[in-house]
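Sequence order for the protein chains is A and B.
If you want the numbering used here, it's the 1-based position in the first sequence plus 67.
If you want the numbering used here, it's the 1-based position in the second sequence plus 67.
Note that the Cβ used here is the ideal one computed from N, Cα and C, for glycine as well.
Computed from a predicted model, the values in this text were never measured in an experiment.
2 protein chains.
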Amino acid sequence: MFPFRVMNQEDVKQVLDMKNVISIVEEAYVLKEKKEASLFPMVFHEFERGKADMDIKSGHLTGANIFGLKLVSWFGENPSKNLPAIIGSVLVLDSRTGAPLGLLSGEQITLMRTGAAGGIGAKYLARRESENLLLIGSGHLGPYQILATLMSMENIKNVVVYNATSSEKANAFCESIKDRLLEMLEPYKKDSEYYQMMLSRINIPFNATDNVQRATEEADIIITATPSHKPLIMKEWVKPGTHFSCVGADMEGKQEIDYNLFSVARVFVDDVTQAINVGETEVPFQKGIITKEDIISEIGSVILGNTSGRLTDKDITIYDSTGIALQDLITANYILEKANEKGIGVVASF
Amino acid sequence: MFPFRVMNQEDVKQVLDMKNVISIVEEAYVLKEKKEASLFPMVFHEFERGKADMDIKSGHLTGANIFGLKLVSWFGENPSKNLPAIIGSVLVLDSRTGAPLGLLSGEQITLMRTGAAGGIGAKYLARRESENLLLIGSGHLGPYQILATLMSMENIKNVVVYNATSSEKANAFCESIKDRLLEMLEPYKKDSEYYQMMLSRINIPFNATDNVQRATEEADIIITATPSHKPLIMKEWVKPGTHFSCVGADMEGKQEIDYNLFSVARVFVDDVTQAINVGETEVPFQKGIITKEDIISEIGSVILGNTSGRLTDKDITIYDSTGIALQDLITANYILEKANEKGIGVVASF
Numbered sequence: 068m069f070p071f072r073v074m075n076q077e078d079v080k081q082v083l084d085m086k087n088v089i090s091i092v093e094e095a096y097v098l099k100e101k102k103e104a105s106l107f108p109m110v111f112h113e114f115e116r117g118k119a120d121m122d123i124k125s126g127h128l129t130g131a132n133i134f135g136l137k138l139v140s141w142f143g144e145n146p147s148k149n150l151p152a153i154i155g156s157v158l159v160l161d162s163r164t165g166a167p168l169g170l171l172s173g174e175q176i177t178l179m180r181t182g183a184a185g186g187i188g189a190k191y192l193a194r195r196e197s198e199n200l201l202l203i204g205s206g207h208l209g210p211y212q213i214l215a216t217l218m219s220m221e222n223i224k225n226v227v228v229y230n231a232t233s234s235e236k237a238n239a240f241c242e243s244i245k246d247r248l249l250e251m252l253e254p255y256k257k258d259s260e261y262y263q264m265m266l267s268r269i270n271i272p273f274n275a276t277d278n279v280q281r282a283t284e285e286a287d288i289i290i291t292a293t294p295s296h297k298p299l300i301m302k303e304w305v306k307p308g309t310h311f312s313c314v315g316a317d318m319e320g321k322q323e324i325d326y327n328l329f330s331v332a333r334v335f336v337d338d339v340t341q342a343i344n345v346g347e348t349e350v351p352f353q354k355g356i357i358t359k360e361d362i363i364s365e366i367g368s369v370i371l372g373n374t375s376g377r378l379t380d381k382d383i384t385i386y387d388s389t390g391i392a393l394q395d396l397i398t399a400n401y402i403l404e405k406a407n408e409k410g411i412g413v414v415a416s417f
Numbered sequence: 068m069f070p071f072r073v074m075n076q077e078d079v080k081q082v083l084d085m086k087n088v089i090s091i092v093e094e095a096y097v098l099k100e101k102k103e104a105s106l107f108p109m110v111f112h113e114f115e116r117g118k119a120d121m122d123i124k125s126g127h128l129t130g131a132n133i134f135g136l137k138l139v140s141w142f143g144e145n146p147s148k149n150l151p152a153i154i155g156s157v158l159v160l161d162s163r164t165g166a167p168l169g170l171l172s173g174e175q176i177t178l179m180r181t182g183a184a185g186g187i188g189a190k191y192l193a194r195r196e197s198e199n200l201l202l203i204g205s206g207h208l209g210p211y212q213i214l215a216t217l218m219s220m221e222n223i224k225n226v227v228v229y230n231a232t233s234s235e236k237a238n239a240f241c242e243s244i245k246d247r248l249l250e251m252l253e254p255y256k257k258d259s260e261y262y263q264m265m266l267s268r269i270n271i272p273f274n275a276t277d278n279v280q281r282a283t284e285e286a287d288i289i290i291t292a293t294p295s296h297k298p299l300i301m302k303e304w305v306k307p308g309t310h311f312s313c314v315g316a317d318m319e320g321k322q323e324i325d326y327n328l329f330s331v332a333r334v335f336v337d338d339v340t341q342a343i344n345v346g347e348t349e350v351p352f353q354k355g356i357i358t359k360e361d362i363i364s365e366i367g368s369v370i371l372g373n374t375s376g377r378l379t380d381k382d383i384t385i386y387d388s389t390g391i392a393l394q395d396l397i398t399a400n401y402i403l404e405k406a407n408e409k410g411i412g413v414v415a416s417f
């Protein structure tokens, strides 16, 4: 009999905080760079074009003695059935025996590790003195992207939010964002110094915009977190020194920024294979704007200090975060460790 | 909240019987043939060559409104740690919403559906009057192969078992097999007519042999269920009219029978892509003995009556069962239906 833990979204929320997720996602990137972690080929299936699909991302973290997978499905019509469109399951196993360790609801893990990825992109590639953050997209991912970026950057003074299809949604997002961020800071209340620091960091203006060109011209850091299939930001609008964290593109055909930006930017990715197949890098790669060799490195190499991020304050940098199984697995493993200590979730066994 | 059921091996055993598994595995094959089911690409990873590996097989049964995966790992050194070498997990989800339906221990499902596959191969391809069954291999799969074949064939009068590396194991297998079969017939005790019929079918001699050539020369049906990487049966030994169900080969390099048999046999498979990549068909395909076009059809086409199995009593037939996710998923779905009725397993939720 192998006991293992089954954890739903509420269980996961109880033990997960952004500061720790940033640190473990960095660890996953580093393990990958040190060849102590590997990704298996991604499986993708479209049930109905543009209506429902699923993917299975899997991999092995030798360094953490785990392997496993995340299966995520998207059923666009679910909300009309009172179900979430995106449902995910993360299965973690022991890579010394194959025994299952846990099955976890994937939604909160995905939001947190994707937020962390965007923040890590800014941390290692944006100009330290960056003040203006532009968020493209005002969906579920937004608050996580903002929090991780504010945790990673000391000098953000202004956040602008753009939604290409609905300015109402961008407005509503800005009205509620401070409360959301406050909620997400709850775990730090006991650490009064950190909590106070983060309170001051989130105490800045959040405004929606309809003028994405002007917002781009003013931005130091731009995070794109949309399901877009066409560019929302044109190369001509982008000032020197801008950093992009692109987290939305995760399947063929998705695209958030002008592919011509790739011809002038220093491009970093989480995984080269996934980036050129399903990431923001896919379209410029297909169009021949960049080759595999033009990608400066995977982000783990920058974190390790083996590769320089930006060389000058004028560089445009792009971090293409496609989302890799190693982020999910290391986060799930962290959750399971906490949950074992605290006795959270349901224990089942095979 | 999505409730779903977690079921361990004992739970699974409670609701699974071979007669029903044969029937639902046939249904899976038929759904595949009718394009109401599809396989996703298989993921394979070797942790350490010859010592530990894992695969993820996944697919979609439109006809049954489910999709999902089976992850199976093999850690050769597990038994020395008092753990089973093979551990499997089957995750089943609703293909109308993406909601998880169940997570099931995969070991019993694999044994049963693989047994059913071997039996189905005999049922549709062997000569009806076949009397002599030769089982190559005396491992975990053996009893399931024998039971499914005895359920599928009316005239078996004699079973011979061969183990290429240990005649002791083949002897021990033959000594205990009737008890094992009796156990597996328990679910039919209430159906006295069927039970009595099966009792008479298993009331035949089971003998181990060291002379695989003679056993082959006498066999009408040969089932190969080993992890062999080299042929155990040579073409010259095989008499006209013999049927082979090859269930052991499920990864590159595995091979149980002389590849030259493929040049004279009518070859059927469960899935063409898997068969030429990881099945018994792989080696003859690599050697150019047969092409994709030489494969007569997938087995579903024979079950549906769209393709003839054997044409004459002299045909040698081969069924290469590589093991497909659809078998696991349809079996898991059947288990979940029964378990929901009977309240077996642990209910968790996401």
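Listed by chain order, chain B residues near residue i by CB distance under 7 Å
i       : result
Q341(A) : Residues of chain B passing the Cβ test: none, with the nearest at roughly 14 Å.
V73(A)  : V73, A415
L138(A) : L136, L158
F142(A) : T164, G165
Neighbour list for residue i in chain A, Cβ cutoff strictly below 8 Å
i       : result
Q263(B) : Within 8 Å Cβ-Cβ: nothing; Q263(B) doesn't reach chain A, min ~36 Å.
K148(B) : T164
Alpha-carbon to alpha-carbon, residue j and residue i
i       : j       : result
A286(B) : L266(B) : 22 Å
V314(B) : S388(B) : 5 Å
A183(B) : D338(B) : 16 Å
I366(A) : E323(A) : 20 Å
T283(B) : I269(B) : 21 Å
M318(A) : A392(A) : 14 Å
P254(B) : N87(B)  : 11 Å
T276(B) : K297(B) : 19 Å
E504(A) : K118(A) : Outside the displayed span of chain A (68 to 417) sits residue 504(A), for which this structure offers no information.
Q394(B) : T348(B) : 19 Å
S43(B)  : T129(B) : The displayed coordinates of chain B run from 68 to 417. Any statement about residue 43(B) would go beyond what the structure contains.
G372(A) : E408(A) : 34 Å
L378(A) : P307(A) : 12 Å
E235(B) : D122(A) : 47 Å
F335(A) : R180(A) : 18 Å
L192(A) : H310(A) : 7 Å
L202(A) : K224(A) : 14 Å
A415(B) : C241(B) : 42 Å
N222(A) : V110(A) : 40 Å
M220(B) : G186(B) : 8 Å
Proximal chain B residues relative to residue i, where beta-carbon distance stays under 8 Å
i       : result
N419(A) : Any property of residue 419(A) remains undetermined from this structure, which presents chain A solely from 68 to 417.
F273(A) : By Cβ distance, chain B contributes nothing, its closest Cβ being about 31 Å from F273(A), past 8 Å.
Chain-ordered chain B contacts of residue i [CB-CB under 9 Å]
i       : result
I154(A) : F69, L160, T164, G165, A166, P167, F417
Neighbouring residues, chain A, relative to residue i (Cβ below 9 Å)
i       : result
F240(B) : The contacting residues do not exist; F240(B) stays about 26 Å from chain A at best.
F64(B)  : With chain B represented from 68 up to 417, any question about residue 64(B) goes unanswered, as that position is not in the structure.
Exercise. Could I get the ranges of all uninterrupted alpha helix (DSSP H) runs contained in the region 154-239 of chain B, with 4 residues as the minimum, in chain order?
Key: Fully enclosed alpha helix (DSSP H) runs of 4 or longer: 174-192, 209-219.
Quiz item: When the Cβ atoms of the region 71-91 of chain A are set against those of the region 388-400 of chain A, are three or more pairs found closer than 8 Å?
Solution: At 8 Å Cβ cutoff, the stretches touch.
Quiz prompt | Selection of the region 170-199 of chain B by Cβ proximity to chain A, strictly under 7 Å | solution = Result list: L170, S172.
Practice problem: Flag this pair as touching only if the region 257-273 of chain A and the region 170-185 of chain A have three or more C-beta atom pairs under 8 Å; answer yes or no. | Solution: No contact exists between the region 257-273 of chain A and the region 170-185 of chain A.
Quiz item: Between the region 348-366 of chain A and the region 151-162 of chain A, do three or more beta carbon pairs fall short of 8 Å?
Solution: In short, these stretches do not touch, since the Cβ pair count stays below three.
Practice problem: Determine, using beta-carbon pairs with one atom in the region 330-347 of chain B and one in the region 402-412 of chain B, whether at least three such pairs fall under 8 Å. | Solution: With a cut-off of 8 Å, the region 402-412 of chain B and the region 330-347 of chain B do not count as touching, because too few Cβ pairs lie within range.
Quiz item: Listed in chain order, which residues of the region 116-129 of chain B have Cβ atoms closer than 9 Å to some Cβ of chain A?
Solution: Listed in sequence order: A119, M121, I123, S125, G126, H127, T129.
Quiz item: What residues from the region 223-237 of chain B come within 7 Å of chain A, judged by C-beta to C-beta, listed N to C?
Solution: Contact annotation: in the region 223-237 of chain B, no residue has its CB less than 7 Å from a CB in chain A.
Exercise. Name, going along the chain, the residues of the region 74-91 of chain A whose beta-carbon falls closer than 7 Å to a beta-carbon of chain B.
Key: Residues of the region 74-91 of chain A with a C-beta less than 7 Å from any C-beta of chain B: N75, Q76, listed in chain order.
Quiz prompt | Members of the region 94-112 of chain B that neighbour chain A once the beta carbon cut-off is set at 9 Å | solution = Only S105, F107, P108, M109, V110, F111, H112 from the region 94-112 of chain B bring a Cβ to less than 9 Å from some Cβ of chain A.
Quiz item: What runs of the alpha helix (DSSP H), each 4 residues or longer, lie entirely inside the region 311-349 of chain A?
Solution: Taking only runs of at least 4 residues, the alpha helix (DSSP H) segments lying wholly in the region 311-349 of chain A are 339-345.
Quiz item: Is the region 134-142 of chain A touching the region 378-387 of chain A in the sense that three or more CB pairs, one from each, lie closer than 8 Å?
Solution: Judged by Cβ distances under 8 Å, the region 378-387 of chain A makes no contact with the region 134-142 of chain A, as fewer than three pairs qualify.
Quiz item: Between the region 99-109 of chain A and the region 95-107 of chain B, do three or more beta carbon pairs fall short of 8 Å?
Solution: Counting Cβ pairs under 8 Å, fewer than three are found: no touch.
Quiz prompt | Start-end ranges of the beta strand (DSSP E) lying completely within the region 85-128 of chain B, minimum 3 residues | solution = DSSP runs (the beta strand (DSSP E)) wholly in the region 85-128 of chain B: 104-106, 110-115, 119-128.
Quiz item: What residues from the region 323-341 of chain A come within 8 Å of chain B, judged by C-beta to C-beta, listed N to C?
Solution: Residues passing the 8 Å Cβ filter: none.
Quiz item: Between the region 352-374 of chain A and chain B, which residues of the former have a C-beta closer than 8 Å to a C-beta of the latter?
Solution: Residues passing the 8 Å Cβ filter: none.
Quiz item: Does the pairing of the region 193-211 of chain B with the region 200-216 of chain A give three or more beta-carbon distances under 8 Å?
Solution: In short, these stretches do not touch, since the Cβ pair count stays below three.
Quiz prompt | Unbroken stretches of the alpha helix (DSSP H), 4 residues or longer, contained in the region 348-400 of chain B | solution = Restricting attention to alpha helix (DSSP H) runs no shorter than 4 residues, the region 348-400 of chain B encloses them at 349-353, 366-370, ordered along the chain.
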